[in-house]
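Numbering (the numbering used here), first residue to last: 4 to 333.
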Ligand SMILES: Nc1ncnc2c1ncn2[C@@H]1O[C@H](COP(=O)(O)OP(=O)(O)OP(=O)(O)O)[C@@H](O)[C@H]1O
Ligand SMILES: [Mg+2]
């Protein structure tokens, strides 16, 4: 089904409906990596898929939004970034494009996230909206967004800025638990942003509290509440639900059982959230990864024939497809 046409009001965060317009019309295609849990491979995937997508002939701008635990620069061979997103947060620079640095990886530029202010790590309100809007205007075919751990508002907003929102899951119960929590936060935020009526938006805010007094426990409970409040908003809710199509990547796979996790997450998305997620692929746990990061290089460059590199290239091909298709024959 086609995603809904929607009118952005000035107060709305700039989350575009995925697929609402061609990537060419809208500027760069944004691919965000999140997952809730720390250490599951979000940065590893962001760096290596940036490098792999660049190998397909596209230009890539990678942005590290993890101001408290930045390390995307290390994967991309930039030992001490001279400028970073912290310049934008502090107001010293208002154009994110001016913060782009060259990296050691051909075709990939970087907005690093070092030198943050310990007391105010993330840009607040309007500055974050400006940053998210600016992503699409960065001079690149594809923008890769590395999200930090956790599910607080800033992280979720960075994740939802993606045309592709890639949920990174590690085959361990702790990661799966955090991934569902993260997806839940992203889902409610996404729905809140899509609604136009204040009372409905307030109801969604209430539902975000898992122990809310209205007894809203699942997204389908919430849908019923929204429909009761306003039929038109109910329809918009269903459309926004259908347009939200996260992609799943399972990282550090070691067994056939681990591979199946992607399908299990996909069916939970369908049953619990009413959301169609796509299993975009998995990456093996591979010793080549450690050796690559010790050399401050993406594994696809340091060990291009490793298992990890092969799986990463498959995922890159899938993620880059809409941009490659939009370009037509050379
Ligand atoms: N497929 C893999 N095989 C082997 N090691 C891996 C693989 N993926 C990631 N790692 C290693 O796991 C560690 C954590 O990865 P990474 O820093 O990308 O996680 P993260 O999700 O970005 O964490 P954080 O939330 O703290 O930012 C790194 O040392 C990385 O090299
Ligand atoms: Mg990280």
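Ideal placement from N, C-alpha and C gives every residue a C-beta, glycine not left out. On a predicted model such as this, the values are computed, not experimentally measured, just so you know.
Query                                                                                                                                                                              : Result
Apart from the five residues just before and just after residue 30, which ones in its own chain have a Cβ nearer than 6 Å to its Cβ?                                               : 139, 140
If I follow the unbroken beta strand (DSSP E) through residue 280, where does it start and stop?                                                                                   : Premise fails: residue 280 is in no beta strand (DSSP E) and is neither H nor E.
Once DSSP output is grouped into helix, strand and coil, what is the label at residue 253?                                                                                         : strand
Start and end of the beta strand (DSSP E) containing residue 98?                                                                                                                   : It is not in any beta strand (DSSP E) - residue 98 carries neither H nor E in the DSSP assignment.
I'd like to know whether the C-beta atoms of residue 73 and residue 115 end up nearer to each other than 8 Å.                                                                      : yes
Would the C-beta of residue 40 count as close to ligand 2, meaning under 7 Å from any of its heavy atoms?                                                                          : no
Is there contact here, the region 51-59 with the region 143-152, by at least three beta-carbon pairs under 8 Å?                                                                    : yes
Which one of 40, 33, 45, 109 has the shortest CA to CA distance from residue 315?                                                                                                  : 45
Take the Cβ of residue 19 as the centre, count every other Cβ of all protein chains shown within 10 Å, and call the residue buried at 16 or more, exposed below.                   : Note that residue 19 scores 40 on pLDDT, short of 50, meaning its location in the model is unreliable; the coordinates nonetheless yield the value given after this. It is buried - the Cβ of residue 19 has at least 16 other Cβ atoms within 10 Å.
Identify whether residue 315 lies in helix, strand or coil by the three-state DSSP scheme.                                                                                         : helix
Taking all protein chains shown into account, do 16 or more other C-beta atoms lie within 10 angstroms of the C-beta of residue 84, making it buried, or fewer, making it exposed? : buried
So, at 8 Å on beta carbons, what are the nonlocal neighbours of residue 37 in its own chain, with the 5 sequence-adjacent residues on each side left out?                          : 45, 150, 158, 159, 161, 162, 168, 169, 170, 171, 185, 189
Report buried or exposed for residue 284, applying the criterion of at least 16 other Cβ atoms within 10 angstroms of its Cβ.                                                      : buried
Report the option in 41, 269, 177, 88 whose CA atom is closest to the CA atom of residue 252.                                                                                      : 269
Using the rule of at least 16 other Cβ atoms within 10 Å of the residue's Cβ for burial, across every protein chain shown, is residue 164 buried or exposed?                       : buried
Hey, would you say residue 200 sits closer than 8 Å to residue 233, going by beta carbons?                                                                                         : yes
Given a threshold of 16 other Cβ atoms within 10 Å of its Cβ, counted over all protein chains shown, does residue 97 qualify as buried or as exposed?                              : exposed
Hey, would you say residue 254 sits closer than 8 Å to residue 40, going by beta carbons?                                                                                          : no
Is residue 180 near ligand 1, in the sense that its beta carbon is under 7 Å from a heavy atom of that ligand?                                                                     : no
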